[in-house]
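Using the working numbering, you'd call the opening residue of the sequence shown number 213 and step up by one each time.
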Amino acid sequence: MKRAIVLAVLLTVLMAAIGSPVLSSGADAVIVQANDAETAAAIVEAYGGQVSESLDIINAVSATVPQRVMSALEADGRITVYADNIAETSGRVEHRRNRRAPEADFPEVMGVDEVWEEGIDGDDIGVAIVDTGIARFKWNRHRIAARYDALDNGPRKRDPNGHGTMMASLIGNSKQDSNGYIGIAPGVQFIDVRVLDIEGKGTYTDIVEGLNWILENKDEYNIRVVNMSLVGAVSSPYWADPINQAVEELWDAGIVVVTAAGNGGSEPMTIAAPGNDPFVITVGAFTDNYTPEDESDDYLTPFSGAGPTEMGFIKPDVIAPGAHMLTMTRNNSAWAKENRDLRVRGRYYQIAGTSASTAVTSGVVALMLEENPDMTPDEVKYALMASARPGVNSDGSPAWSIFQQGAGRVWAEDAVLEPPEGVANVNMTPGEKYVGPVAYQDGAFILVDENGQPIADLSGYSWTGGYSWTGGYSWTGGYSWTGGYSWTGGYSWTGGYSWTGSADDWQEWSDGQVWQSGYSWTGGYSWTGGYSWTGGYSWTGGYSWTGGYSWTGLEEYPN
213 MKRAIVLAVL
223 LTVLMAAIGS
233 PVLSSGADAV
243 IVQANDAETA
253 AAIVEAYGGQ
263 VSESLDIINA
273 VSATVPQRVM
283 SALEADGRIT
293 VYADNIAETS
303 GRVEHRRNRR
313 APEADFPEVM
323 GVDEVWEEGI
333 DGDDIGVAIV
343 DTGIARFKWN
353 RHRIAARYDA
363 LDNGPRKRDP
373 NGHGTMMASL
383 IGNSKQDSNG
393 YIGIAPGVQF
403 IDVRVLDIEG
413 KGTYTDIVEG
423 LNWILENKDE
433 YNIRVVNMSL
443 VGAVSSPYWA
453 DPINQAVEEL
463 WDAGIVVVTA
473 AGNGGSEPMT
483 IAAPGNDPFV
493 ITVGAFTDNY
503 TPEDESDDYL
513 TPFSGAGPTE
523 MGFIKPDVIA
533 PGAHMLTMTR
543 NNSAWAKENR
553 DLRVRGRYYQ
563 IAGTSASTAV
573 TSGVVALMLE
583 ENPDMTPDEV
593 KYALMASARP
603 GVNSDGSPAW
613 SIFQQGAGRV
623 WAEDAVLEPP
633 EGVANVNMTP
643 GEKYVGPVAY
653 QDGAFILVDE
663 NGQPIADLSG
673 YSWTGGYSWT
683 GGYSWTGGYS
693 WTGGYSWTGG
703 YSWTGGYSWT
713 GSADDWQEWS
723 DGQVWQSGYS
733 WTGGYSWTGG
743 YSWTGGYSWT
753 GGYSWTGGYS
763 WTGLEEYPN
């Protein structure tokens, strides 16, 4: 297994700290990018390095390079050198409220039961799960269409950690409770792409290698959706992250990529990578507060990451259930052994985190693509957001910032059966560099034009953090913007980072500029405790979920 800096993933351990271990042989593990993978390999070998993997999806190779030549390698103008980061599963440990029968409420909370009644179950849609693997169960027998292991000398057990199996269960478990299935799309075909080890850790090289395999085999296995319930700390602009570069290649190839917002909390700028990429669907979490038939007491989970991103994009795009989520995994998996108190019965467990929110959203996307097979990724993203139901107060104002709930909660019935027609990511091309419409000025986040000037029609809109608005702008109008603004360099956008023209010029915030106290952009986010879901945190204002809002980043098709 290649080593390097620490990235963080999403479901049980939570954002790990980033370090930069050195290989004992006196060599560093790196990813080297050139005009093509062959050129990158030749340059690495010319410096005395050893190529480990070819990463054609991003025109790069992973390699080990002697430390004595690293300075010269990094100075070589023909290439870009990245540290080979490590990812690990991230999410939340949830303390169960009580022992109960394994009833899964989240499909009904998302309106999926109405879709099932139409005979739609994601039949034959290929969903690639980029994770720790998928263990064999009766419910996935003959449904794992392919398996690719990016780990060198990986364990023989199909999922020794357990996280990937839990994601697969949420996406498409065909077992039934009293209300229907306990997975969102019980007819999907699983594509098991293992990139994380028994500890839930994996390198950038392994993750990009797995994504590269998906790109090469998408047609053979009808891979239409990629679920990435893993996250990393943001240490560069989104376009300089090799994993983000790879997911944009998948998006451009017609594959919908669904990612997690992260568990860094609901304060501004806590969206993790690759959810900070503007193209993909980024999912935050809410909870039904154990009352699936009563929406009035639902609330945003306090761990769900919030935008804007480091380049000023509004994220998350949508939110989905992410607490007391019923799932299955092997009792002898590493995750299950560490979380015996979350066992419901048998092999059923309850989990929480934006990993889970991501997985159930991937299931809804699979349902959308079965019913509407010709939809492009941009059309899927538009329909999912435009059909979402934002949480609003009795006066019609948003209950939470758009940087916390995005377009609102995923509503499967409309997204699948009556998808709004339009496209997201308007006038944006994967692989190009963009900044979003959000700037930090005078102590608040505001919407601006391509010159960084406040948009006059939105002068009342701003956000200073927390769960309330400082302005009176209500998202009931028809405002939409046409996508990202092309980045030309040299512009300080969100107020905390400045640029002089390349990723190498990325500047960290000074202590006086940090928006969220205690958050280090180079060290990830760590937690000293977990949230208890038994009480003490609830929404007291009373609100409803509604539709009819227009959100940034979307453009309707002309009539």
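Each residue gets a CB set at the ideal place from its N, CA and C atoms; glycine is no exception.
query	result
Inter-residue CB distance, I410 and N373 (contact presumed, cutoff 8 Å)	5 Å
When E550, V273, V556 are compared against D248, the one with the closest alpha-carbon	V273
When E583, N551, G648 are compared against E330, the one with the closest alpha-carbon	E583
D500 to R601 span [Cα, whole Å]	14 Å
Enclosing beta strand (DSSP E) for D361 [first to last residue]	356-361
K387 in three-state terms, based on DSSP	coil
Beta-carbon proximity check, M481 vs P528, cutoff 8 Å	no
L267 versus E630 - alpha carbon distance	39 Å
Burial state of T539, where buried means 16 or more other Cβ atoms lie within 10 Å	buried
The beta strand (DSSP E) enclosing E265, as first and last residue numbers	262-267
Start-to-end residues for the beta strand (DSSP E) that takes in N439	435-440
Burial state of P585, where buried means 16 or more other Cβ atoms lie within 10 Å	exposed
For I467, three-class secondary structure by DSSP	coil
For P610, the residue or residues it bridges with in DSSP	V604
With 16 other Cβ atoms within 10 Å as the buried cut-off, status of D607	exposed
Reduced DSSP category for V420 - H, G, I as helix; E, B as strand; rest coil	helix
Coil, strand or helix - P589 by DSSP	helix
Residues bridged to M540 [DSSP beta-bridge criterion]	Y560
Residue of P490, G476, D464 minimising C-alpha distance to P449	P490
Residues of its chain near E522, where Cβ-Cβ distance is below 6 Å and the 5 sequence neighbours each way are ignored	V446
Proximity test, H354 beta-carbon vs the ligand MG heavy atom, cut-off 7 Å	With respect to the ligand MG, the structure offers nothing, as it holds no ligand at all.
Residue environment, Q562, which counts as buried when at least 16 other CB atoms sit within 10 Å	buried
Integer Cβ distance of M322 from V622, believed to fall under 8 Å	6 Å
Buried versus exposed, by CB contacts within 10 Å (16 or more), D364	exposed
Three-way DSSP call (helix, strand, coil) for L659 in this model	strand
R280 to S567 span [Cα, whole Å]	40 Å
Which of helix, strand or coil DSSP assigns to F402	strand
A535 versus V263 - alpha carbon distance	43 Å
Per DSSP, cross-strand counterpart(s) of A472	V495
Pairwise C-alpha distance: A619 and V293	37 Å
Between the CA atoms of Q617 and S478 - distance to the nearest angstrom	10 Å
Simplified DSSP state of I270, which is helix, strand or coil	helix
Cutoff 8 Å: G620 Cβ touching any chain C Cβ	In the structure shown, chain C does not exist; there is a single protein chain.
Separation of E320 from E641, as counted between CA atoms	Glu is not the amino acid found at residue 641; the sequence shown has Thr there. In a straight line, the C-alpha of T641 is about 36 Å away from that of E320.
Range of the contiguous alpha helix (DSSP H) that encloses V324	324-328
Reference V470, options R368, T570, D371, T276, closest by Cα	T570
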